[in-house]
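Asker:
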Amino acid sequence: PGLLEPTSCLVRVPKSASTLGIAIEGGANTRQPLPRIVTIQRGGSAHNCGQLKVGQVILEVNGVSLRGREHREAARLIAEAFKTKEKDYIDFLVTEFN
Amino acid sequence: REKRLTLPPSEITLL
Numbered sequence: 001p002g003l004l005e006p007t008s009c010l011v012r013v014p015k016s017a018s019t020l021g022i023a024i025e026g027g028a029n030t031r032q033p034l035p036r037i038v039t040i041q042r043g044g045s046a047h048n049c050g051q052l053k054v055g056q057v058i059l060e061v062n063g064v065s066l067r068g069r070e071h072r073e074a075a076r077l078i079a080e081a082f083k084t085k086e087k088d089y090i091d092f093l094v095t096e097f098n
Numbered sequence: 101r102e103k104r105l106t107l108p109p110s111e112i113t114l115l
């Protein structure tokens, strides 16, 4: 009892600007095993959406888990999710729990 | 003595 149950939530970020506008740190085999949001750029899609916060850890992108992926691979997955024309949004599964 | 596993810091990527 008293232990916080790690909760995650799904955030849908519409591609409302030409950039996503987040900086991420972390990935497999580093001190930060899952990518964490360290910056949100004003005027980017993430800032416009208003639901992503600095410090949140990204568990999944469009349903694809980032667990066990190196930093560059995780970054590439997010970049491709933003570039693809198939969807006009990106779904992030995030948690405050680090 | 506690064996400390030191992992490297990660790089930061702006997306």
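Here the protein sequences line up with chains A and B, keeping their order. My numbering applies: residue 1 is where the first sequence begins, and numbers increase by one. My numbering applies: residue 101 is where the second sequence begins, and numbers increase by one. We put the beta carbon where it would ideally sit given N, CA and C, even for glycine. Predicted, not measured: the structure shown is a model, and the values here were computed from it.
1. On the CB-based measure, 16 or more other CB atoms within 10 Å of its CB, does F97 of chain A come out buried or exposed?
2. Based on the DSSP secondary-structure assignment, which residues constitute the bridge partners of L93 of chain A?
3. Would you say H71 of chain A reaches chain B, if we count a Cβ-Cβ gap shorter than 9 Å as a contact?
4. Is I24 of chain A near A74 of chain A, with beta carbons less than 9 Å apart?
5. Which of the three DSSP states, helix, strand or coil, is assigned to R76 of chain A?
6. Could you tell me which residues DSSP puts in a beta bridge with E25 of chain A?
7. Taking only beta-carbon atoms, is R104 of chain B less than 9 Å away from chain A?
8. Starting from the beta carbon of T30 of chain A, find every residue of chain B whose beta carbon is closer than 8 Å, and list them in chain order.
Answerer: According to the structure data:
1. exposed
2. A:L10 and A:E60
3. yes
4. yes
5. helix
6. A:R36 and B:I112
7. Only weak support is given to the placement of R104 of chain B: the predicted model assigns it a pLDDT of 49, under 50, and the value that follows is read from those uncertain coordinates. By this cut-off, R104 of chain B is not an interface position.
8. L107, P108, P109 and S110
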